[in-house]
Amino acid sequence: MKALIVDDERMARQELRRLLAAHPEVEIAGEAASGEEALALIQKLAPDILFLDIQMPGMTGFDVLDRLREVPEVIFTTAYDQHALKAFEVNALDYLLKPIAPNRLAAALQKVRPQPPRQSPRQSMEQIFLRDGERCWIVKTREIDLLESEGNYTRVFFHNEHPLISGSLAAFEARLDPSIFFRASRRHILNLNCIKGTELGPAGNLIVILPGGQQVELSRRQSSILREILSI
Amino acid sequence: MKRSYWICQAAGWGAYTLALFGITTAYTGWHVAIVFSYALFFLYSVALTHLLRREIRRRDWLALPAARGLPRMFSAALAVALIQTALVVILALVLTGSQSGFGEVRQAAATASGIVVATCAWTAAYIAVAWNRQYREARFREMQLQITVGQSELRALRAQVNPHFLFNCLNTIRGMISENPARAQEMVTSLASLFRHAIDFRGSQMIALKDEMEAVSEYLALESARLEERLQVQIAISEEAAQRNVPAMVVQTLVENAVRHGIAELPNGGLVTIRAVTKNQALILEVENTGKLKDFNPNGVHTGLANARERLRLLCGDKASLELSDAGKGLVAATVVIPA
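Top line first, the protein sequences correspond to chains F and H.
For what it's worth, the working numbering labels the leading residue of the first sequence as 12, then goes sequentially.
For what it's worth, the working numbering labels the leading residue of the second sequence as 67, then goes sequentially.
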């Protein structure tokens, strides 16, 4: 497992490196002392796992994740940050408190260790980082049902959440796998695997029904494309 | 206050003038000149005692201990009473001649003693009101100080026990134990001293700048171990300034703000400069850091800063000041001035 350590304090990186020595399966591919450096190294090294400090000058750990197209497994590290801790606890994100307790590190690594092969190996494991004010999520893209444009923001529907995330729908479209995500209309992108049913609209167009009960009306042109994809 | 003062002036001298007028007319009967001279008496009595009040305030006699203040104020009152009497007599002679009833010395003396009593009573009443107000204000300030101190003690403790600082510090020490054991030992000692200072600290106290700087140095030593070459420190404190007293924890608050909201926010770090000099007996203390004023997080800083400013005002008076300003050239400066 290739790991990247991101922390602005040299001593903190050193200490984590020392703690990781007890875990030979983790190969430390590099260290970054700032957000910028982290972005460059993530691009270059494509790590499987990030140990990410939150409070860094210039660019916080969250800012780093905001700029990633696709996020690896992340274990946040922080000395103390009430807001971040709340966000982590609510959304079951992995975090370690500094000074890091060796058994906590072991437990966190256990959780992110590569799982045994799945029944459908082709299922995408890609995940993205979403942040809405103080709340944040790391979401597997295949678990997103629907994205809805609201000007410069996009409402993202997944699980039972629908936070409003900064970024245009077009920007999200560029980040998502086009074989799974379908541009249904000017305002909507939907996950083809999440279509619960379809209805016929007044003009012979399709209305797609999603697991959360949302209905998305397609233009006639998009309707015929979708019919083709779903072969109905 | 201003309005009630004028009401009292008008009512007091009005009543006294009317009484005097009544007694006089009983002897002499009504006369335009007499009405006129009493109207004038009312006006210059108000004017003269108003001047007396201004003098008392200007010379700050109310602030003197009673044994020194009272003789001064009553001597001045006596002088005012004599001027009033002189004016009464002169006006009476000019306006009404012998009809005034002031022809006799006995009469003039009676009038004079009446005026002396009235003006001294005026002065006594004024002193009583002013002292009562001073007393209430002092009580109020003391209460305010207690509240502010309570808050700042809590905050200081929380700031020193600032969880982010504490846990980062412990993390650094944990790393230092294997990298540089001697340094790790020093850090533990620094942390202990800093906590001792925070626990012993009483916010109502003034402490010598050199003692405050000891705690500040421990704090800076710990932050240097964490931030390494990113934190540069310069200290220039004159011999004279080091002996001067400052409200406890004020310098510490400023330095902590400079590190936490200035240096720690900069990827390449910066310089914290602490300067203190005395100039015209006033202590001028400056904590300067690399950074921009707008980088300051309004929540954290301004409460700490506001509290420091409040304690400075309560302990050192209204003339003491604490200003945070953009010092140009990418520097932010907090300046404390404590007059002699």
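Quick reminder that beta carbons are idealized off the backbone N, C-alpha and C, glycines included.
At the 8 Å Cβ level, is residue i part of the contact set with chain F, yes or no?
i	result
M253 (chain H)	no
L275 (chain H)	no
P333 (chain H)	yes
T356 (chain H)	no
L397 (chain H)	no
S290 (chain H)	no
M139 (chain H)	no
A330 (chain H)	yes
P229 (chain H)	yes
S256 (chain H)	no
At the level of alpha carbons, what is the spacing between residue i and residue j?
i	j	result
R232 (chain F)	L157 (chain F)	20 Å
D143 (chain F)	R124 (chain F)	28 Å
V17 (chain F)	A324 (chain H)	25 Å
G335 (chain H)	R115 (chain F)	31 Å
N204 (chain F)	R238 (chain F)	14 Å
P174 (chain F)	A49 (chain F)	27 Å
R124 (chain H)	L117 (chain H)	10 Å
S387 (chain H)	G370 (chain H)	15 Å
V182 (chain H)	D384 (chain H)	38 Å
S283 (chain H)	A258 (chain H)	13 Å
A10 (chain F)	A90 (chain F)	A question about residue 10 (chain F) goes unanswered here, because the residues of chain F that appear run from 12 up to 243.
V367 (chain H)	V167 (chain F)	For V367 (chain H), the pLDDT reaches just 47, beneath the cut-off of 50, and the residue's location in the model is therefore unreliable, although a value from the coordinates is still provided. Each residue's Cα considered, the two are about 36 Å apart.
T115 (chain H)	A190 (chain H)	12 Å
L359 (chain H)	L286 (chain H)	21 Å
G78 (chain H)	V112 (chain H)	9 Å
G178 (chain F)	Q25 (chain F)	36 Å
P364 (chain H)	E159 (chain F)	Confidence at P364 (chain H) is low in this model, with a pLDDT of 49, below 50, so its placement is unreliable and no value can be given for it.
A152 (chain H)	R202 (chain H)	39 Å
A264 (chain H)	Q251 (chain H)	20 Å
S244 (chain H)	V321 (chain H)	30 Å
A145 (chain H)	T319 (chain H)	54 Å
R249 (chain H)	F193 (chain F)	59 Å
N246 (chain H)	P110 (chain F)	17 Å
S179 (chain H)	A132 (chain H)	25 Å
N228 (chain H)	F261 (chain H)	11 Å
Thinking just about the alpha-carbon of each residue, which of the options is nearest to the one in residue i?
i	options	result
R310 (chain H)	H:E322, H:V338, H:I350	H:I350
G80 (chain H)	H:G335, H:W188, H:P405, H:S141	H:W188
Y71 (chain H)	H:R120, H:Y93, H:A399	H:R120
E305 (chain H)	H:F206, H:T344, H:Q200	H:T344
A314 (chain H)	H:H327, H:A281, H:T94	H:A281
G208 (chain F)	F:P222, F:R197, F:I200, F:R198	F:P222
Q225 (chain F)	F:S235, F:A214, F:E210	F:E210
A204 (chain H)	H:L381, H:S391, H:A399	H:L381
K97 (chain F)	F:G215, F:C147, F:D77	F:C147
A174 (chain H)	H:E322, H:C186, H:Y192, H:Q150	H:Q150
N202 (chain F)	F:I176, F:N216, F:R153, F:A181	F:R153
G328 (chain H)	H:Y192, H:L390, H:N373, H:Q271	H:L390
R420 (chain H)	H:D266, H:Q210, H:E278	Lying before the first or after the last residue shown, residue 420 (chain H) is absent from chain H, which here runs from 67 to 406.
M272 (chain H)	H:V316, H:L86, H:E208	H:V316
H230 (chain H)	F:F62, F:I60, F:M67	F:M67
A214 (chain F)	F:H199, F:I220, F:S235	F:S235
F87 (chain H)	H:A132, H:V154, H:F206, H:I73	H:V154
H94 (chain F)	F:G46, F:M70, F:E145, F:E84	F:E145
Does the distance from the C-beta atom of residue i to that of residue j stay below 8 Å?
i	j	result
E354 (chain H)	A308 (chain H)	no
V312 (chain H)	A348 (chain H)	no
Q138 (chain F)	K122 (chain F)	no
D19 (chain F)	D74 (chain F)	no
A51 (chain F)	K13 (chain F)	no
A119 (chain F)	D105 (chain F)	yes
Spell out whether any CB of chain H is found under 8 Å from the CB atom of residue i.
i	result
A49 (chain F)	no
A90 (chain F)	yes
K109 (chain F)	yes
A214 (chain F)	no
R115 (chain F)	no
A23 (chain F)	yes
G72 (chain F)	no
G69 (chain F)	yes
S242 (chain F)	no
E42 (chain F)	no
R78 (chain F)	no
E29 (chain F)	Going by the sequence as given, residue 29 (chain F) is Arg instead of Glu. Yes - at least one Cβ of chain H is within 8 Å of the one on R29 (chain F).
E159 (chain F)	no
Does the beta carbon of residue i fall short of 7 Å from some heavy atom of the ligand MG?
i	result
T339 (chain H)	As presented, the structure is devoid of all ligands, the ligand MG included, so that no description of it is given.
Determine whether the Cβ of residue i lies closer than 8 Å to any Cβ atom of chain B.
i	result
M209 (chain H)	Here chain B cannot be found, since the structure's protein chains are F and H.
Touch test, the segment 227-245 of chain H against the segment 290-304 of chain H, Cβ-Cβ under 8 Å, three pairs minimum: For the pair of segments examined, the segment 227-245 of chain H was found to touch the segment 290-304 of chain H: the number of CB pairs separated by less than 8 Å reaches three.
Three CB pairs or more closer than 8 Å across the segment 55-62 of chain F and the segment 198-209 of chain H: No, because fewer than three Cβ pairs between the segment 55-62 of chain F and the segment 198-209 of chain H fall closer than 8 Å, the two stretches do not touch.
Touch test, the segment 123-138 of chain H against the segment 88-108 of chain H, Cβ-Cβ under 8 Å, three pairs minimum: With a cut-off of 8 Å on Cβ pairs, the segment 123-138 of chain H is not in contact with the segment 88-108 of chain H, counting fewer than three such pairs.
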